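Everything below concerns the one structure shown next.
Numbering (the working numbering), first residue to last: 1 to 255.
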């Protein structure tokens, strides 16, 4: 079912987000606490995307696009990421470890975050009845988008649906919530926890899986599972959307 997180705040090292917490994303890759029956480990790829200093949360003038590092193997086996994470700092990060659904390919392009322009996107969950259940939503996409999916996976299709709405002028919250509602109606029983960021704000959905948030006046951290036992974590109820940004954290209903 994957695990993912998004961070906004003062620049920190990638190591402080991915490796140092006692229940870090790296630890969640092999010892997750709450997969809800969706596998036991997250070893089918990983990715981290970050915005260079000066383009992160609170900097409305930032224009540079994010940087990504993705691989098809387990995050714990990558020899380069620890060194990269120790020296890379950012105030806006989205990272994920993948547990691929049976029958879907294990390849680098299938690992989140997906990206276009200033956007980074991740999906934690599964689309039930794939692919037949979502022929309707997929049919509303331009043919070129279908022919150029990052990978033949449910997550890549969800990204294409969100991206199509963003291109049409929808706000990030509208793009995420409309996609979740459309796919949930077409494929009942799906788990649709999405993360979308432009480096200034983050929008998340909670539909069928877990998400927790820890935020204060300067930072916001959204994660599939709390990465530590620091006070302030709160679990977001099911079927909610969350938006975190310079104006704080807001939660609304998806039903």
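Here a beta-carbon is modelled for each residue, glycine too, at the ideal position from N, C-alpha and C. Since the model is a prediction, treat every value here as computed from it, not as a measurement.
What residues in its chain sit with their C-beta under 6 Å from that of residue i, if we drop five residues either side in the sequence?
| i | result |
| --- | --- |
| residue 194 | 123, 176 and 205 |
| residue 154 | 127 and 130 |
| residue 232 | 214 |
| residue 59 | Residue placement at residue 59 is poorly supported in this model, since its pLDDT is 48, which falls under 50; the coordinates still yield a value, given next. Closer than 6 Å at Cβ, skipping near neighbours: no residue. |
| residue 41 | 30 |
| residue 57 | Residue confidence is low: residue 57 scores 46 on pLDDT, short of 50, so the model does not pin down where it sits. No coordinate-derived value is stated. |
| residue 109 | 150 and 151 |
| residue 158 | 123 |
| residue 172 | 196 and 203 |
Check the DSSP bridge columns for residue i and list the partner residues they point to.
| i | result |
| --- | --- |
| residue 227 | Partner(s): none; residue 227 has no beta bridge. |
| residue 197 | 120 and 202 |
| residue 252 | 241 |
| residue 235 | 212 |
| residue 126 | 191 |
| residue 97 | 3 and 46 |
| residue 221 | 7 and 214 |
Excluding five sequence neighbours on each side, which residues of the same chain lie with their C-beta closer than 8 Å to the C-beta of residue i?
| i | result |
| --- | --- |
| residue 53 | 11, 89, 90 and 91 |
| residue 225 | 3, 23, 28, 32, 33, 34, 210 and 212 |
| residue 146 | 138 and 160 |
| residue 178 | 165 and 170 |
| residue 238 | 206, 207 and 208 |
Just verifying my parser: in three-state terms, what is the DSSP assignment at residue i?
| i | result |
| --- | --- |
| residue 164 | helix |
| residue 41 | coil |
| residue 87 | helix |
| residue 119 | strand |
| residue 212 | strand |
| residue 92 | strand |
| residue 108 | helix |
| residue 50 | strand |
| residue 6 | strand |
| residue 136 | helix |
| residue 62 | For residue 62, the predicted structure reports a pLDDT of 47, less than 50, and the residue's modelled location is therefore unreliable. A value from the coordinates is still provided. Residue 62: coil per DSSP, three-state reduction. |
| residue 170 | coil |
| residue 71 | strand |
| residue 13 | strand |
What's the call for residue i, buried or exposed, on a 16-neighbour Cβ count within 10 Å?
| i | result |
| --- | --- |
| residue 6 | buried |
| residue 64 | exposed |
| residue 218 | exposed |
| residue 234 | exposed |
| residue 8 | buried |
| residue 230 | exposed |
| residue 203 | buried |
| residue 190 | buried |
| residue 113 | buried |
| residue 243 | buried |
| residue 80 | exposed |
| residue 220 | buried |
| residue 47 | buried |
Leaving out five residues on either side along the sequence, give the residues of the same chain with a beta carbon under 7 Å from the beta carbon of residue i.
| i | result |
| --- | --- |
| residue 76 | 26, 29 and 30 |
| residue 252 | 240 and 241 |
| residue 136 | 186 |
| residue 120 | 49, 66, 94, 113 and 197 |
Could you give the C-beta distance for residue i and residue j, rounded to a whole number, given that I count them as a contact under 8 Å?
| i | j | result |
| --- | --- | --- |
| residue 277 | residue 199 | Only positions 1 to 255 of the chain appear in this structure, which leaves residue 277 out of reach. |
| residue 180 | residue 254 | 6 Å |
| residue 94 | residue 49 | 5 Å |
| residue 150 | residue 99 | About 17 Å; that fails the 8 Å criterion. |
| residue 102 | residue 187 | About 16 Å separates the two Cβ atoms, so there is no contact after all. |
| residue 96 | residue 18 | Residue 96 to residue 18, Cβ: 11 Å. No contact. |
| residue 162 | residue 196 | 6 Å |
| residue 228 | residue 74 | So it is not a contact: roughly 22 Å between Cβ atoms. |
| residue 72 | residue 111 | 7 Å |
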